[in-house]
Amino acid sequence: GTTSDFNKVTVSLELVLIEMPYTNEDYLPSYEELTVPELPVTSSVLRASAHHLGKYCDDVCKEFMLCRDEENDPRKCINEGKEVTRCGFEFYRKIKKSCFAEFNQYFQCIDFSGSEMDLKNCRKTQATFDNCVKQNLGQDRPEFGYFAKVRLHKTERPRPVPKPHILPERLPDPPDLNQKTDPIKNPNSF
Numbered sequence: 001g002t003t004s005d006f007n008k009v010t011v012s013l014e015l016v017l018i019e020m021p022y023t024n025e026d027y028l029p030s031y032e033e034l035t036v037p038e039l040p041v042t043s044s045v046l047r048a049s050a051h052h053l054g055k056y057c058d059d060v061c062k063e064f065m066l067c068r069d070e071e072n073d074p075r076k077c078i079n080e081g082k083e084v085t086r087c088g089f090e091f092y093r094k095i096k097k098s099c100f101a102e103f104n105q106y107f108q109c110i111d112f113s114g115s116e117m118d119l120k121n122c123r124k125t126q127a128t129f130d131n132c133v134k135q136n137l138g139q140d141r142p143e144f145g146y147f148a149k150v151r152l153h154k155t156e157r158p159r160p161v162p163k164p165h166i167l168p169e170r171l172p173d174p175p176d177l178n179q180k181t182d183p184i185k186n187p188n189s190f
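Quick note on numbering: UniProt numbering labels position 190 of the sequence shown as 190, and the sequence is numbered without any gaps.
Structure follows, in structure tokens:
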């Protein structure tokens, strides 16, 4: 009932350790394989370009996500992940080459539109940027809800072989309660 009792909190945690044994035969990628340059963009640049970048790299991103989901092992999808990064660099190179001024106006408008980076304050610069992307990259801005739609992806990757399902051992049969037992031989039964 006192405040000192109130401040004492006892938490019991059960520590579960999962040991994953690795052997010399297990493949672990080297640092060189894992090291890929990152896209050096700010949040306002990413927000301004997200719709067009997503559509431009749509197939590459789907391939990566499919690999990640099917393989359930990130080591097997390193090349697909690198391809996503390469596609991002390619997209920004094309934007810099053909729509640099329009893009700068748009992302700076978003940058200065408040802490939420609302797009609603920048519709004029967005339209200018969208027109430039259409003229130079031949890509329309995706309609609202485009990325939420179910879109099938055709892949050349072979389907992974499913792991065999190992069933647990069969449980023993329950005791037969209709069987009469001798209370002298088995004192624990009624």
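Each residue gets a CB set at the ideal place from its N, CA and C atoms; glycine is no exception.
In this text the structure is predicted, and so the values were computed from the model without any measurement.
Pair within 8 Å by beta-carbon distance, residue i and residue j
i	j	result
A48	I110	yes
F107	C57	no
R68	Y27	no
E70	P164	no
V60	C87	yes
N136	C99	yes
E33	I78	yes
I95	F103	yes
Residues near residue i by beta carbon distance below 6 Å, same chain, minus five either side
i	result
T3	At T3 the pLDDT is 46, less than 50, meaning the model places this residue with poor confidence; the figure from the coordinates comes in the next sentence. Excluding positions up to five away in sequence, the list is empty.
P142	H51, K55
For residue i, the first and last residue of its enclosing alpha helix (DSSP H)
i	result
H51	43–56
V84	78–98
Q126	123–137
Chain-order list of residues whose beta-carbon lies under 7 Å from that of residue i (same chain, five-residue window excluded)
i	result
K134	D140
T155	E63, L66
Counting Cβ pairs closer than 8 Å, one from the region 112–130 and one from the region 58–72, do we hit at least three?
no
The region 35–46 in contact with the region 128–147 per 3-pair CB rule at 8 Å
no
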